[in-house]
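Notes for the one structure printed next.
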Amino acid sequence: MYKFGQFVLDPEERLLLRDGKPVSLTPKAFDILLALAENSGHLVKKDDLMRRVWPDAFVEEANLAQNISVIRRVLDTNGEQYIETVPKIGYRLTAKTQILGEPQSQPEVSHGAESPRFSD
Numbered sequence: 000m001y002k003f004g005q006f007v008l009d010p011e012e013r014l015l016l017r018d019g020k021p022v023s024l025t026p027k028a029f030d031i032l033l034a035l036a037e038n039s040g041h042l043v044k045k046d047d048l049m050r051r052v053w054p055d056a057f058v059e060e061a062n063l064a065q066n067i068s069v070i071r072r073v074l075d076t077n078g079e080q081y082i083e084t085v086p087k088i089g090y091r092l093t094a095k096t097q098i099l100g101e102p103q104s105q106p107e108v109s110h111g112a113e114s115p116r117f118s119d
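See the structure below:
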């Protein structure tokens, strides 16, 4: 799960939550937002987004732009605080993103050689 601002994005449940309440998002918009969250702070190229979200179809860049617009509306305030457009190249999720639910690191178990024990 990814937390940014008042939002939590849950890939397993395919949910976007705002302050703990579900927010409606189309499947393609969800996939785009997930790709941006997975690469938070880094530029994601338009071509990479289109290949990921529409792997078996040819789509126009306008489809991607329309979905980004939908995401910005859902994120409120035109999404400017969350999604940056890098003209002609791609998009970047600019909000500080925290990964939730990462497995805790387990304490290391010693697998050192022990003396064999023999019964009498």
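Residues in the sequence shown are numbered from 0 upward in steps of one, following this note's numbering. A virtual CB, placed ideally from N, CA and C, is assigned to each residue, including glycine. Treat the numbers as computed from the prediction; the structure is a model and nothing was measured.
Spatially closest choice to residue i from the options, by CA coordinates
i   : options            : result
R91 : E83, W53, L33      : E83
V73 : P21, Y1, M0        : P21
I67 : A28, L24, R13      : A28
M49 : L33, L14, D18      : L33
T25 : V43, S39, N38, I70 : I70
G40 : I88, Y81, L14      : Y81
Coil, strand or helix - residue i by DSSP
i    : result
D9   : strand
Q105 : Low local confidence applies: a pLDDT of 42 at Q105 is under 50, so the model's placement there is unreliable, with the coordinate-based value given in what follows. DSSP places Q105 in coil when its eight states are reduced to three.
Where the beta strand (DSSP E) through residue i begins and ends
i   : result
T96 : 96-98
Would you call the stretch 6-23 and the stretch 51-60 in contact, with 3 or more CB pairs under 8 Å? With the cut-off at 8 Å, the stretch 6-23 and the stretch 51-60 do not touch.
List, from N- to C-terminal side, the alpha helix (DSSP H) runs of 4 residues or more that fit wholly inside the stretch 25-70.
Complete alpha helix (DSSP H) runs here, min 4: 26-37, 45-52.
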